Amino acid sequence: MKYPILSSSLLLLSVPLMAASNDNDNLSDEQLDTLIVTGRALSHYKEETATIGSRTDTQIDKTPQSVQVLTETLIEDQAAHQVTDLYRSISGVSQDNVSTVTFRGFHQDEQLYDGMRGNPYKEFFTVPQLVNVEEVQAIKGPAGALYGAGEPGGVINYVSKKPTYEPETFIKLGAGNKDYHSAQFSSSGPVNEDASQRYRISLYQDESGSYRNNVDQDNQNIDLGYAWDISDDSTLTVQYTNIDQTLHGARLRGIPTDDDGNFLADDSWNANEPGDYQALDAETFQAKLEQYLNETVSWDLGVRYYRGEETQKYHESLGLTDTDGDGVNDAVRRQYRDQLRTNEGVSVSSNLIFDLNDHTFLIGTDFTRNTYDYLYYRSNDPATLSLVNPVYDADVSSYTMSLRTNSQTVSQQLGLLLQDQWAATDKLDLVAGVRLNYFEQDFVDNTNSSNNADYSDQGVDTRVGATYQLNQHIKPYTSFSTGYQPQSASDQQASSGGSFDAEESQQMEAGVRTYWLDNRLNVNFAVYHIIRENILQEDPNDSDLLIALGKVRSQGAEIDVLADITNRWVANLSYAYNDTVIKDANADDGIQFAAGDSRRFSNSPLHQLGLWTRYDLPSLSSSVSVGAEYVSQQYNRDHQKVKPCTVYDATWQTKVDAWTLQATIKNLTDEIYATSGFNSNIGSNLGERRRVYLSAQYDF
Numbered sequence: 134m135k136y137p138i139l140s141s142s143l144l145l146l147s148v149p150l151m152a153a154s155n156d157n158d159n160l161s162d163e164q165l166d167t168l169i170v171t172g173r174a175l176s177h178y179k180e181e182t183a184t185i186g187s188r189t190d191t192q193i194d195k196t197p198q199s200v201q202v203l204t205e206t207l208i209e210d211q212a213a214h215q216v217t218d219l220y221r222s223i224s225g226v227s228q229d230n231v232s233t234v235t236f237r238g239f240h241q242d243e244q245l246y247d248g249m250r251g252n253p254y255k256e257f258f259t260v261p262q263l264v265n266v267e268e269v270q271a272i273k274g275p276a277g278a279l280y281g282a283g284e285p286g287g288v289i290n291y292v293s294k295k296p297t298y299e300p301e302t303f304i305k306l307g308a309g310n311k312d313y314h315s316a317q318f319s320s321s322g323p324v325n326e327d328a329s330q331r332y333r334i335s336l337y338q339d340e341s342g343s344y345r346n347n348v349d350q351d352n353q354n355i356d357l358g359y360a361w362d363i364s365d366d367s368t369l370t371v372q373y374t375n376i377d378q379t380l381h382g383a384r385l386r387g388i389p390t391d392d393d394g395n396f397l398a399d400d401s402w403n404a405n406e407p408g409d410y411q412a413l414d415a416e417t418f419q420a421k422l423e424q425y426l427n428e429t430v431s432w433d434l435g436v437r438y439y440r441g442e443e444t445q446k447y448h449e450s451l452g453l454t455d456t457d458g459d460g461v462n463d464a465v466r467r468q469y470r471d472q473l474r475t476n477e478g479v480s481v482s483s484n485l486i487f488d489l490n491d492h493t494f495l496i497g498t499d500f501t502r503n504t505y506d507y508l509y510y511r512s513n514d515p516a517t518l519s520l521v522n523p524v525y526d527a528d529v530s531s532y533t534m535s536l537r538t539n540s541q542t543v544s545q546q547l548g549l550l551l552q553d554q555w556a557a558t559d560k561l562d563l564v565a566g567v568r569l570n571y572f573e574q575d576f577v578d579n580t581n582s583s584n585n586a587d588y589s590d591q592g593v594d595t596r597v598g599a600t601y602q603l604n605q606h607i608k609p610y611t612s613f614s615t616g617y618q619p620q621s622a623s624d625q626q627a628s629s630g631g632s633f634d635a636e637e638s639q640q641m642e643a644g645v646r647t648y649w650l651d652n653r654l655n656v657n658f659a660v661y662h663i664i665r666e667n668i669l670q671e672d673p674n675d676s677d678l679l680i681a682l683g684k685v686r687s688q689g690a691e692i693d694v695l696a697d698i699t700n701r702w703v704a705n706l707s708y709a710y711n712d713t714v715i716k717d718a719n720a721d722d723g724i725q726f727a728a729g730d731s732r733r734f735s736n737s738p739l740h741q742l743g744l745w746t747r748y749d750l751p752s753l754s755s756s757v758s759v760g761a762e763y764v765s766q767q768y769n770r771d772h773q774k775v776k777p778c779t780v781y782d783a784t785w786q787t788k789v790d791a792w793t794l795q796a797t798i799k800n801l802t803d804e805i806y807a808t809s810g811f812n813s814n815i816g817s818n819l820g821e822r823r824r825v826y827l828s829a830q831y832d833f
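In structure tokens, the structure reads:
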């Protein structure tokens, strides 16, 4: 069968719906209240409003662009440790390489935190953790009219946990196979009697081994927060987060494959030596003031400082080789790399909102300054490593290291946004927004000053859209939006053929949000068409120059289903079809991320299907959940296949007095599979084998 979980998923959503009003409806509210979560999708897996689509707290039904929100309950039910655990629940999003994702066919690594730039993981190869994230929001397609420069596929916003008005204190301990163990202490609540001042403290640590040779990890996270209601109309919230992550045996790249996607080594194989590691030390400080000036005017001001330093010492695969002359590649050549990446910056964001009867008018502005330092040494001394019988005995101290890169890039971005949300009639809502962008970047090459460059650019992004309530069941929408991505300063030199216009993108999207069976069944459907232009390519007439001839087209459809099959049974299903192809490129030096002669983007599956379903057992105060994710065939950058895969997860959760116990099995069938591909040298990135996670939480 081409889509192994599609038919079973449809049965899951259709057959029980016919019985939704039968004996399960006889359950009393008192019975349902004994559950950890009542099991009602509309109250626990669905958010009615979000800020990601407008920078104001807006009903999703009145947002003319595809928006998805993953709630804290869904995150906890899936025992999601990092955002990669949640891709099954975001249609059109799949895993790319290391920390990047594929979003409606395009590769991007930019994330927002509480609506602001300032990702402490950006420019690095570590993946954001979810321990202090309350909600994950995603907007699909270009978001330039809202947030400025970015890739056209979409953007993810992490909503952080804040101090609470009610006391919430717990200790949570975790254990699992491959030496996994974790501990967390979290406490939040009022400082004074009227709760006008509140605090939050979270301390988290975990350690884990792996199925891969020489791999283990250690995560530590400190999160502190303080909120002060200065008056009835104004609140100040400050937060501090410290991140310490060490990954031994990393950077984990992949395992070489043949052209059909078959692994050429055991799934435990790893090009890294035991002493290789990747260590991230990062911190953020964030403050936000929110104030109602009067009944119709409000404003907010946010400041976010972030700093990260990542050290990488690792062996990189350079390609296959035949060591015994029998015509069969049996080893890989390697290179040793010693890299230090430092990322520091500050973001300021402000929104002035006028709520004027049928109009909600927003004047928004934001500024980001980022400094990125990159120091890179490498050596070609490492011996080859066997694919069949790897021997890890490299003496790094004997390597001769040479300086490859010593550079600094300073970027500044300033934006001014004007937006009007107009309730034109009782059923028709219109949105129009325009953003003026200014971008400036300075590049300093500390090894060769002749490569120094500076660059500035400005552009305009727009968005117009409409939502309409046809009736209580059907709410269609449509929109047009644009995106903007400046070229890097190092590519703007006259010696490279510059200057060049920024990359530009535009999307046309239409969709319909529908509600059936007394709102027990929500089905959202969207279609889109994205064009991305001005992608730099090597000049076919002069290899020393660049030309802006690249053009890529992405189009597809997405279906998201949220259903209360019965009062005890909840299902969340997401399906995406995406076709991303290159329309214009230099055949001799193709667009980055292109997958060879197919002209498709790498790691852009045509089909994705994700399912998460939960059944509650009120008499046992328990619930059982099962999830599945199907990703169709992909290609890496050298047009090697990445095989399709289907992965299943399962979770059991129960509550006994103040204890919450949970057991999660990820990759239930112990599938050996690739999540994505890189190139023929590095191969495909391996998915996790079966992992068992046990947790016990005690609430005070």
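Going by my numbering, the sequence shown wraps up at 833, each residue one higher than the last.
Cβ coordinates follow ideal geometry from the N, Cα and C atoms, glycine included.
All of these numbers come straight from a predicted model, not from anything done at the bench.
Check: Using DSSP with H/G/I as helix, E/B as strand and the rest coil, what is R188?
Finding: DSSP, reduced to helix, strand and coil, places R188 outside both helices and strands of the structure shown, so it counts as coil.
Next item on the list: Report the residue from S335, D594, Q262 whose alpha carbon sits nearest the alpha carbon of E284.
Entry: Ranking S335, D594, Q262 by Cα distance to E284 puts D594 first.
Next item on the list: Kindly indicate which three-state DSSP category K255 falls into: helix, strand or coil?
Entry: Residue state, collapsed to three classes: coil.
Note to self: Does the distance between the C-beta of S589 and the nearest non-hydrogen atom of the ligand COA fall short of 7 Å?
What the structure shows: No copy of the ligand COA appears in this structure; indeed no ligand is present at all.
Checklist line | Selected residue, minimal CA-CA separation from S329, among Y178, I607, D365 | finding: In terms of CA proximity to S329, D365 leads the group Y178, I607, D365.
Item checked: For E301, the three-state DSSP class (helix, strand or coil) -> E301: strand per DSSP, three-state reduction.
Next item on the list: Out of K311, L489, Y359, state which residue places its alpha-carbon closest to the alpha-carbon of G342.
Entry: The shortest C-alpha separation from G342 is found at K311.
Next item on the list: Assign L669 to buried or exposed, taking buried as 16 or more other Cβ atoms, counted over all protein chains shown, within 10 Å of its Cβ.
Entry: Buried is the call here.
Next item on the list: Could you name the residues that DSSP lists as bridge partners for D514?
Entry: The beta-bridge partner set that DSSP reports for D514 is empty.
Notebook entry, point to check: Where does N711 land, buried or exposed, given buried means 16+ other C-beta within 10 angstroms?
Noted result: Under this definition N711 is a buried residue.
Item checked: Alpha carbon of R250 to alpha carbon of Q741, nearest angstrom -> Looking at the two C-alpha atoms, the distance is approximately 29 Å.
Next item on the list: State the DSSP-derived secondary structure class of V216, mapped to helix, strand or coil.
Entry: In the structure shown, V216 sits in a helix (DSSP, three-state: H, G or I).
Notebook entry, point to check: Counting Cβ pairs closer than 8 Å, one from the region 402-412 and one from the region 215-231, do we hit at least three?
Noted result: Counting Cβ pairs under 8 Å, fewer than three are found: no touch.
Item checked: Extent of the continuous alpha helix (DSSP H) to which I208 belongs -> Residues 205-210.
Notebook entry, point to check: Got a sec, what are the start and stop residues for the alpha helix (DSSP H) A276 sits in?
Noted result: No alpha helix (DSSP H) holds A276; DSSP gives it neither H nor E.
Note to self: I'd like to know whether the C-beta atoms of S809 and D392 end up nearer to each other than 8 Å.
What the structure shows: Going by C-beta atoms, S809 is not nearer than 8 Å to D392.
Checklist line | Per-residue burial, T558 [other beta carbons within 10 Å of its own, 16 or more giving buried] | finding: Looking at its Cβ environment, which holds fewer than 16 other Cβ atoms inside 10 Å, T558 is exposed.
Next item on the list: Go ahead and label A816 buried or exposed: buried means 16 or more other beta carbons lie within 10 angstroms of its beta carbon, across all protein chains shown.
Entry: It is Gly, not Ala, that sits at residue 816 in the sequence shown. With 16 or more other Cβ atoms within 10 Å, it is buried.
Notebook entry, point to check: In the DSSP assignment, what are the bridge partners of M534?
Noted result: In DSSP, M534 forms no bridge with anything.
Margin query: Once the 5 residues before and after A791 are set aside, which same chain residues still bring their CB inside 7 Å of it?
Written below: Answer for A791: Y831, D832, listed in chain order.
Next item on the list: Determine the DSSP secondary structure at R386, reduced to helix, strand or coil.
Entry: Coil at R386, not helix or strand.
Note to self: Here's the rule: buried if 16 or more other CB atoms are within 10 angstroms of the residue's CB, otherwise exposed. What is Q472?
What the structure shows: Counting Cβ neighbours within 10 Å, Q472 comes out buried, since at least 16 surround it.
Item checked: Classification of I663 by the beta-carbon crowding that lies within 10 angstroms, buried from 16 upward -> Under this definition I663 is a buried residue.
Item checked: CA-to-CA distance, A213 to V543, given in whole angstroms -> Cα to Cα, the separation comes out at about 34 Å.
Next item on the list: Return the first residue and the last residue of the beta strand (DSSP E) that V479 is part of.
Entry: It spans 464-489 - the beta strand (DSSP E) in which V479 sits, taken as one unbroken run.
Checklist line | Residues sharing a beta bridge with I334, DSSP | finding: Residue pairing by DSSP puts I334 in a beta bridge opposite S320, L357.
Checklist line | Proximal residues to A829 (C-beta, below 6 Å), its chain only, five neighbours per side dropped | finding: Short of 6 Å from the beta carbon of A829, and not among the five residues preceding or following it, lie these beta carbons of its own chain, in chain order: L306, L794.
Check: T538 and Y509: beta carbons closer than 8 Å?
Finding: With contacts defined as CB atoms closer than 8 Å, T538 and Y509 qualify as a contacting pair.
Notebook entry, point to check: Which of helix, strand or coil does DSSP assign to I193?
Noted result: I193: helix per DSSP, three-state reduction.
Checklist line | Outcome for W649 when other beta-carbon atoms lying within 10 angstroms are tallied against a minimum of 16 | finding: Per the 10 Å Cβ criterion, exposed.
Item checked: Straight-line Cα distance separating S755 from Q164 -> Confidence at Q164 is low in this model, with a pLDDT of 41, below 50, so the placement of that residue should be treated as unreliable; the coordinate-derived value is given next. Approximately 12 Å between the Cα atoms of the pair.
Notebook entry, point to check: Do G277 and R237 have their C-beta atoms within less than 8 Å of each other?
Noted result: Not a contact, by the Cβ cut-off of 8 Å.
Next item on the list: Can you say whether F258 is buried or exposed, counting buried as having 16 or more other CB atoms within 10 angstroms of its CB?
Entry: Per the 10 Å Cβ criterion, buried.
Check: From which residue to which residue does the beta strand (DSSP E) around F418 run?
Finding: From DSSP, the beta strand (DSSP E) with F418 extends over 410-425.
Check: Which whole-angstrom value describes the C-beta separation of N585 and V577, a residue pair presumed to lie in contact below a C-beta threshold of 8 Å?
Finding: 5 Å between Cβ atoms; contact.
Note to self: On the DSSP bridge list, what partners appear for E637?
What the structure shows: E637 pairs with Y617, E666.
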